[in-house]
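Just so we're aligned, residue 3 is where the sequence shown starts under my numbering, counting upward by one. Quick reminder that beta carbons are idealized off the backbone N, C-alpha and C, glycines included.
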Amino acid sequence: MTRIMGLDVGDKTIGVALSDPMFLIANPLETIKRKKASLDIKRLVEIIDEYDVETIVVGLPKNMNNSIGPQSMKVMSFVDLLKKQTDKEIIYQDERMTTIQSERVLIDMDVRRENRKKHIDKIAAGFILQTYLDGRRNG
3 MTRIMGLDVG DKTIGVALSD PMFLIANPLE TIKRKKASLD IKRLVEIIDE
53 YDVETIVVGL PKNMNNSIGP QSMKVMSFVD LLKKQTDKEI IYQDERMTTI
103 QSERVLIDMD VRRENRKKHI DKIAAGFILQ TYLDGRRNG
């Protein structure tokens, strides 16, 4: 059964989330500690193959005025490298405020500050993917 993958690509980590097979719910999967692009992409391709991912939704960090800044350019450069290793459809999703949402969820769950870093990126990837899934379902 195929799935959709959500990514929150940062300078130090990549948060990964996967949809359920019915494309209704996003589930945080893991946080990849970035080493070098080739190794990061190798791990993503392993996940793509293992979970039969059909589409990849990548969070694009736009500025509040909807413009694209330096961090967006880094994400797009990484996606260009990923496209060379997979033929899956890649879609950008506005990721504004997802880190703040993720932080609030972890605080509400009483996760200690030092443990939040372990989870925040995969939860942000879950928010990115859930936003996409909801939009896809609601037209």
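| Query | Result |
| --- | --- |
| Unbroken stretches of the beta strand (DSSP E), 3 residues or longer, contained in the stretch 47-71 | 55-62 |
| Exposure of Gln95, with buried meaning 16 or more beta-carbon neighbours within 10 Å | buried |
| Contacting residues, own chain, Cβ-Cβ under 7 Å from Ala28 (five flanking each side not counted) | Gly8, Ala19, Ser21, Gly128, Leu131, Gln132 and Leu135 |
| Distance CB(Gly2)-CB(Lys124) smaller than 8 Å | Missing from the structure shown is residue 2; the chain here goes from 3 to 141 and no further. |
| Cβ shell of Met3 (< 8 Å), same chain only, five flanking positions each side left out | Pro23 and Asp54 |
| Where Asp89 falls, given that 16 or more other Cβ within 10 Å makes a residue buried | exposed |
| Bridge partners - Tyr94, DSSP secondary structure assignment | Val60 |
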